[in-house]
Each structure stands twice: as C-alpha cells, then as structure tokens.
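Step one of this worksheet: look at the structure below.
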Amino acid sequence: MAGSPTARRRRLSIELKKLREQSMLTCAQVGQALDWSGSKVNRMETGSGRVQPSDIDALCRFYGTSDELREFLKSLARQAKVRGWWQVHGSGVPEWFNIYIGLEQEASSFRQYQCELVPGLMQTHAYASELHKTGAHMSAEDIDRAVQVRMERQAMLTRPDAPEAWFIVNEGALHNVIGDRGLMREQIERLLDATQLRTVTLQVLPFDSGTYPATGSFTMLGFPAPEDPDIVYRDGITDAVYLEGEHHVREYTRAFDGLRAAALSPQRSTQLIDTVLKGYAS
Numbered sequence: 083m084a085g086s087p088t089a090r091r092r093r094l095s096i097e098l099k100k101l102r103e104q105s106m107l108t109c110a111q112v113g114q115a116l117d118w119s120g121s122k123v124n125r126m127e128t129g130s131g132r133v134q135p136s137d138i139d140a141l142c143r144f145y146g147t148s149d150e151l152r153e154f155l156k157s158l159a160r161q162a163k164v165r166g167w168w169q170v171h172g173s174g175v176p177e178w179f180n181i182y183i184g185l186e187q188e189a190s191s192f193r194q195y196q197c198e199l200v201p202g203l204m205q206t207h208a209y210a211s212e213l214h215k216t217g218a219h220m221s222a223e224d225i226d227r228a229v230q231v232r233m234e235r236q237a238m239l240t241r242p243d244a245p246e247a248w249f250i251v252n253e254g255a256l257h258n259v260i261g262d263r264g265l266m267r268e269q270i271e272r273l274l275d276a277t278q279l280r281t282v283t284l285q286v287l288p289f290d291s292g293t294y295p296a297t298g299s300f301t302m303l304g305f306p307a308p309e310d311p312d313i314v315y316r317d318g319i320t321d322a323v324y325l326e327g328e329h330h331v332r333e334y335t336r337a338f339d340g341l342r343a344a345a346l347s348p349q350r351s352t353q354l355i356d357t358v359l360k361g362y363a364s
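Basically the numbering used here = 1-based index in the sequence shown + 82.
Following this line, the structure appears as structure tokens:
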C-alpha cells in the first residue's frame with residue numbers, strides 16, 4: 083500500500099533532526115547559515131511546517147549529504163504532501179485525529195488498552211454510530227463520515243501486511259450497553275469474530291483482577307523501520323497527546339505488560355466474551 087503522508091512527514095522530520103545533531107549545531111546556527119530563521123528549521127524538524135524540495139537541497143548541501151540521501155529526503159517531502167484516504171471525509175475527522183490515522187496506517191505493531199468501550203477497530207457500524215451521536219455538535223453528515231472512516235480503518239487488521247495487534251479490554255466495556263441489547267449482541271459477536279484473525283490477540287481485564295497499572299485508555303504504535311521510534315497515543319474530547327520519548331515508551335510498555343499479566347488469557351477471555359454474549363441473547 084502507499085505510504086501514509088503523516089508517517090512520511092514524521093520520518094522526514096526525524097532524518098532532518100538527525101543530520102543537524104550529527105553536525106552538532108543548533109536550529110539557530112543552521113538557520114543563520116542558510117539565511118533562515120531558527121524557528122523555520124525547528125518547524126521542519128517537528129513536522130509542523132511543510133518542507134519544500136528547495137529546502138531539502140539547501141540543507142543537504144549544507145550538511146554535505148550524499149546524492150542518494152538528498153533524493154530520499156526529497157521523496158519523503160513530496161509524499162508528505164499527498165492527502166490520505168481518510169482526509170477526504172473533511173470535518174467528519176478532526177485534524178488532531180487525522181495525524182493519528184496516518185501513523186496507524188503505517189504501524190507494524192499495535193497495542194491498545196480500552197477501559198470503557200470496545201476498541202474502535204472492532205466496533206460494528208451501529209455501535210460506532212451510537213457513540214458519535216453523543217457528540218451533539220456533530221451534524222448527521224459528519225457522523226456518517228466519522229463512522230465510515232472508522233469502518234475503513236478496520237481493514238488494516240485483515241490486509242496481507244496486517245500489524246501484530248494486541249488488545250486488552252476492561253470487562254466493563256462488555257457490559258456497558260451502548261444503544262440496546264440487540265446492538266450489543268451484534269457487537270459482542272463482532273468481538274468474537276475478531277479473535278479469529280491471525281494477527282489479533284484479545285484479552286479481557288476482569289472485574290476481579292485487582293489493582294492494575296493504568297489510569298485510562300491508551301494505544302502504542304510500533305513501526306517497521308528502526309529509525310521510527312514507537313509512539314504512545316492518548317486522546318480526549320478535543321485533542322490528543324503523542325508521547326515519543328524513551329521514558330514514556332518504556333513506562334507505557336511496562337504498564338501494558340502489567341495489564342497483560344492481570345488480564346485473562348486469550349482463551350479464557352474468549353470464554354468470558356461468549357458468556358456475556360449468551361446473556362445478551364437471553
């Protein structure tokens with residue numbers, strides 16, 4: 083599949099920062115040498131501004147890179163300008179979530195803990211629609227767009243190069259009735275179907291698991307290139323937080339491993355989900 087523009091922009095930023103740090107220069111020093119502002123160099127390294135091919139040429143001449151690296155960076159810059167498939171849905175997807183989807187599409191590993199709801203990549207159309215209806219500010223058209231994007235995102239779990247996906251879901255999400263019991267019956271059936279996917283592992287954190295190391299839902303994305311560090315993602319009502327530092331990734335990895343240890347095994351989790359399904363069927 084074509085590379086995500088978000089991921090390409092991130093990789094370009096990483097490579098540009100690496101070149102500057104290898105030269106042991108500050109953003110201000112690079113900017114002064116190229117008759118730019120230091121803030122422009124910083125924006126290029128943080129992905130908060132577009133990078134033009136002419137900028138790449140200037141930087142590569144200054145850093146003395148090879149022709150191959152210069153062309154690679156220019157290719158990343160061009161790909162970063164391409165719109166992702168999810169961006170055609172406009173206001174149905176907020177800008178801060180556009181960034182996440184772009185990274186998600188490139189991930190080779192996916193670890194998520196959900197404490198209140200069924201994971202988005204496992205939701206039915208009806209379940210997702212009910213959730214979006216709680217946002218009274220959204221028009222019916224925007225709700226349809228947002229749900230459609232969520233449904234299309236789920237294709238990542240069944241594509242040939244699907245990421246290794248590990249989900250941990252709090253038992254409360256199975257009992258929290260969204261819509262009505264009929265809707266939940268279909269949703270729980272969808273969860274059971276997802277456990278059959280070759281790259282998906284699903285565990286349930288039971289009510290009686292005791293103390294566990296998490297204070298809210300979070301997602302960890304890993305990427306195939308060693309140059310692309312893991313990302314921890316947490317979202318809210320109006321924004322999201324992206325954590326990339328080694329300390330953050332290490333501590334969230336430790337928390338996720340603790341949740342895996344506290345949760346039921348995949349086999350026992352499937353049994354519990356099946357028991358919950360029978361309750362909705364009665």
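Even for Gly, the Cβ is constructed at its ideal location relative to N, Cα and C.
Computed from a predicted model, the values in this text were never measured in an experiment.
| Item | Value |
| --- | --- |
| For Tyr-294, which three-state DSSP category applies? | coil |
| Whole angstroms are fine: how far does the CA of Asp-275 sit from the CA of Met-268? | The question names Met, but residue 268 in the sequence shown is Glu. Taking the straight line from one Cα to the other gives about 11 Å. |
| Should Ser-299 and Glu-246 be called a contact, given that it needs their Cβ atoms to be closer than 9 Å? | no |
| Let me confirm a value: Lys-215 is counted as buried when at least 16 other C-beta atoms fall within 10 Å, else exposed. Which label applies? | exposed |
| Taking only the alpha-carbon atoms, compute the straight-line gap between Asp-321 and Ala-296 and give it to the nearest angstrom. | 20 Å |
| CA-CA distance, Thr-240 and Glu-328? | 30 Å |
| Indicate whether Val-282 and Met-302 have their beta-carbon atoms separated by less than 9 Å. | no |
| Taking the beta strand (DSSP E) that Ile-250 belongs to, which residues open and close that run? | 246 to 252 |
| Would you identify the three-state DSSP class for Arg-152, choosing helix, strand or coil? | helix |
| Work out the CA separation of Pro-135 and Leu-213 for me, nearest whole Å. | 43 Å |
| Just list the residues that DSSP pairs Gln-196 with in beta bridges. | Val-251 |
| Could you give the residue range of the beta strand (DSSP E) that holds Ile-313? | 313 to 317 |
| In the structure shown, what three-state DSSP assignment does Val-282 receive? | strand |
| From which residue to which residue does the alpha helix (DSSP H) around Thr-352 run? | 348 to 363 |
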